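Asks: At position 380 of the sequence shown (counting the first as 1) the number is 380 in this note's numbering, and the numbers step up by one without a gap.
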Amino acid sequence: MKGTVHSSTNIRVRTCPTWTAEIPVCSEAKTPACGSIVAAMIIISLIHCRIFGKLNGYLLNRIRHAFSIKSGTIKVMKKFDLVIVGEGISGLYAAYLAFRRFPQWNIALIADSSRLAPCSYRTTAVVSQSGIHLGVSPLGDLLFNGFQAFCEHVANDRPDGIYSGTRFHLSSDGCDAFKKRWPNGRLQQLATLKKELFVEQEETFLVDPHEYLAWLKSQMTVHFFTGLVTSVESGRVISDHLDILGDRIFLANGAYARHTPIQLKSHAPTKNYLDGSRVVPGKFALFQLCDWGEESFVLSHGHANLIYRAWSGEVLIGGTTNKNESLDDQGELQKQINFFAELVNFDLPKAVHVDTGLRHKGMQRKPALLELSTNVWALWGTYKNGWSLPHFMLKDWIEKI
Ligand SMILES: Cc1cc2nc3c(=O)[nH]c(=O)nc-3n(C[C@H](O)[C@H](O)[C@H](O)COP(=O)(O)OP(=O)(O)OC[C@H]3O[C@@H](n4cnc5c(N)ncnc54)[C@H](O)[C@@H]3O)c2cc1C
Numbered sequence: 001m002k003g004t005v006h007s008s009t010n011i012r013v014r015t016c017p018t019w020t021a022e023i024p025v026c027s028e029a030k031t032p033a034c035g036s037i038v039a040a041m042i043i044i045s046l047i048h049c050r051i052f053g054k055l056n057g058y059l060l061n062r063i064r065h066a067f068s069i070k071s072g073t074i075k076v077m078k079k080f081d082l083v084i085v086g087e088g089i090s091g092l093y094a095a096y097l098a099f100r101r102f103p104q105w106n107i108a109l110i111a112d113s114s115r116l117a118p119c120s121y122r123t124t125a126v127v128s129q130s131g132i133h134l135g136v137s138p139l140g141d142l143l144f145n146g147f148q149a150f151c152e153h154v155a156n157d158r159p160d161g162i163y164s165g166t167r168f169h170l171s172s173d174g175c176d177a178f179k180k181r182w183p184n185g186r187l188q189q190l191a192t193l194k195k196e197l198f199v200e201q202e203e204t205f206l207v208d209p210h211e212y213l214a215w216l217k218s219q220m221t222v223h224f225f226t227g228l229v230t231s232v233e234s235g236r237v238i239s240d241h242l243d244i245l246g247d248r249i250f251l252a253n254g255a256y257a258r259h260t261p262i263q264l265k266s267h268a269p270t271k272n273y274l275d276g277s278r279v280v281p282g283k284f285a286l287f288q289l290c291d292w293g294e295e296s297f298v299l300s301h302g303h304a305n306l307i308y309r310a311w312s313g314e315v316l317i318g319g320t321t322n323k324n325e326s327l328d329d330q331g332e333l334q335k336q337i338n339f340f341a342e343l344v345n346f347d348l349p350k351a352v353h354v355d356t357g358l359r360h361k362g363m364q365r366k367p368a369l370l371e372l373s374t375n376v377w378a379l380w381g382t383y384k385n386g387w388s389l390p391h392f393m394l395k396d397w398i399e400k401i
């Protein structure tokens, strides 16, 4: 992440896509000196940006009113139209939608991704329909609609970092569970595999998280802050480095949601949802420098996945929940690696590393977009479908806020 709080006296503010400035925050004793430094820095930045034509009058005006620095504290107070907590896919997609819908809004996004690692950068990130159809269950409907919304986004907005490929669902014995989901699956010998298996295939999207999230950031003007949020109140987000005031607040804090104190008057649904939710780690092993052809593909066998990213020459194995859901159990992952190493017609190099992401799973796996209190919302529990559920679930939200 680019912007960080370097010390207790500097808060780095990032705006996308063109401008970055460091705003020193003063203690009371240092106020006059720091005040002139702040003024000098802002003037130099503005002249610089003007010379290079990077800042338009609209942005200039916003920066002028952007900060009121409280002397004697390290708090930056500012009233934003919308304050988002979290810079994973949920937070960034919410910011992207809000900026497109209300380009005149001042939007702030605060996260502490160096201390609370976003799941969105530790994920296998595949988006498929996976044989799900409407009308079977409420969760199935959400997943189906999420997939459709993601397809629309890709077709209409043409984001970077989204690749197409084929997903092969495999079964050694064509068992009932496989037949139920894939009634047309049949015995086949794929060119990539050493043996004949029951196979059904579908078109799929493979997401490059870094590329896609960078693209989202490049599409909007949002004030990015680094801070560990220690409390959320009505109209106010409080962190260890700064407080931010906002007319609207949106929490996209993923698996850390249960650990962010929320001080709102009426939040029974929040408590119920959070109490029933869990943090579920997901692991995958990463292999690099694999030249397995020009087509990206996914092999799925039960809970095991192998993802080949043709654009980067990476292979990822794993990504689903280990049976005992423990953080340190490598046994299940090793079994999956051995399984695919024996199955595919390619050599697997030595794994570069094993990555673990923390997913937020609601009770009965239900994701939720909750209005916790007036003008305070949260998107939680996206669990295994975080790359498409925000695209559907935030559609209504953006019309309501
Ligand atoms: C191994 C693995 C494989 C996966 N595969 C897929 C897949 O194939 N397809 C799919 O759709 N999904 C998949 N997922 C799930 C998907 O990656 C997640 O659902 C999604 O990334 C969650 O995004 P998020 O924005 O909600 O949360 P996160 O990405 O975790 O972001 C949370 C943000 O909130 C910030 N934050 C939290 N609390 C605070 C606080 N108190 N103060 C400041 N900042 C805070 C964090 O720093 C972070 O920036 C997978 C997950 C894993 C782990």
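The C-beta atom is built at its ideal place from N, Cα and C for all residues, glycine as well.
Just so it is clear, the structure is predicted and the values come from calculations on it, not from any experiment.
May I ask you to report which of helix, strand or coil DSSP gives residue 222?
Replies: Note: residue 222 maps to coil in three-state DSSP.
Asks: By the three-class DSSP mapping on this structure, what secondary structure does residue 99 have?
Replies: If DSSP states are grouped into helix, strand and coil, residue 99 belongs with the helices.
Asks: I need the straight-line Cα distance from residue 297 to residue 78, nearest angstrom please.
Replies: Distance between the alpha carbons of residue 297 and residue 78 is about 47 Å.
Asks: Please work out which residues of its chain come closer than 6 Å, Cβ to Cβ, to residue 392, disregarding the five sequence neighbours upstream and downstream, and give them in chain order.
Replies: These residues qualify, in order along the chain: 145, 146, 149.
Asks: Among 207, 299, 250, which residue has its Cα nearest to the Cα of residue 200?
Replies: If we check each option's Cα against that of residue 200, 299 comes out closest.
Asks: Can residue 310 and residue 294 be called in contact, C-beta distance under 8 Å?
Replies: Going by C-beta atoms, residue 310 is nearer than 8 Å to residue 294.
Asks: Spell out the partners DSSP gives residue 358 in its beta bridges.
Replies: BP columns for residue 358 point to 281.
Asks: On the DSSP bridge list, what partners appear for residue 308?
Replies: According to DSSP, residue 308 bridges with 297, 315.
Asks: Short check: CB of residue 119 to CB of residue 319, under 8 Å?
Replies: It is not a contact, given that the beta carbons lie outside the stated cut-off.
Asks: Just the C-alpha distance for residue 214 and residue 245, rounded to the nearest angstrom, thanks.
Replies: Distance between the alpha carbons of residue 214 and residue 245: 26 Å.
Asks: So, helix, strand or coil for residue 239, using DSSP?
Replies: In this structure, residue 239 counts as strand in the three-state DSSP scheme.
Asks: Compute the Euclidean distance between the alpha carbons of residue 382 and residue 154, then round it to the nearest angstrom.
Replies: Their backbone Cα atoms lie some 20 Å apart in a straight line.
Asks: Under a Cβ-count criterion, where at least 16 other Cβ atoms within 10 Å of its own Cβ denotes burial, should residue 253 be classed as buried or exposed?
Replies: The residue is buried, with at least 16 neighbouring Cβ atoms inside 10 Å.
Asks: For residue 205 versus residue 162, is the C-beta spacing smaller than 8 Å?
Replies: It is a contact, given that the beta carbons lie within the stated cut-off.
Asks: Would you report the Cα separation of residue 192 and residue 176, rounded to the nearest angstrom?
Replies: The alpha-carbon atoms of residue 192 and residue 176 are separated by roughly 25 Å.
Asks: Going by DSSP, which residues form a beta bridge with residue 163?
Replies: Note: residue 163 sits in a beta bridge opposite 206.
Asks: Any heavy atom of ligand 1 inside 7 Å of the beta-carbon of residue 387?
Replies: Yes, Cβ of residue 387 sits closer than 7 Å to a heavy atom of ligand 1.
Asks: Just tell me which of 241, 291, 279, 339 has its CA closest to the CA of residue 302.
Replies: When each option's Cα is compared against that of residue 302, the closest is 339.
Asks: Can residue 87 be considered in contact with ligand 1, in the sense that its beta carbon sits closer than 7 Å to one or more heavy atoms?
Replies: Yes, ligand 1 has a heavy atom inside 7 Å of this Cβ.
Asks: What's the gap between the Cα of residue 417 and the Cα of residue 376?
Replies: Outside the displayed span of the chain (1 to 401) sits residue 417, for which this structure offers no information.
Asks: Under the criterion of a Cβ to heavy atom distance below 7 Å, does residue 357 qualify as lining ligand 1?
Replies: Yes, ligand 1 has a heavy atom inside 7 Å of this Cβ.
Asks: Distance, Cα to Cα, residue 362 vs residue 345?
Replies: Answer to the nearest angstrom: the Cα atoms are 39 Å apart.
Asks: What is the rounded straight-line gap between the Cα of residue 341 and the Cα of residue 372?
Replies: If you take the alpha carbons of residue 341 and residue 372, they lie about 47 Å apart.
Asks: In chain order, what residues of the same chain lie with their CB nearer than 6 Å to the CB of residue 168, ignoring the 5 residues before and after it?
Replies: Here the set comprises 199, 201, 299.
Asks: Suppose you measure from the CA of residue 370 to the CA of residue 399; what does that come to, to the nearest Å?
Replies: One C-alpha to the other measures close to 15 Å.
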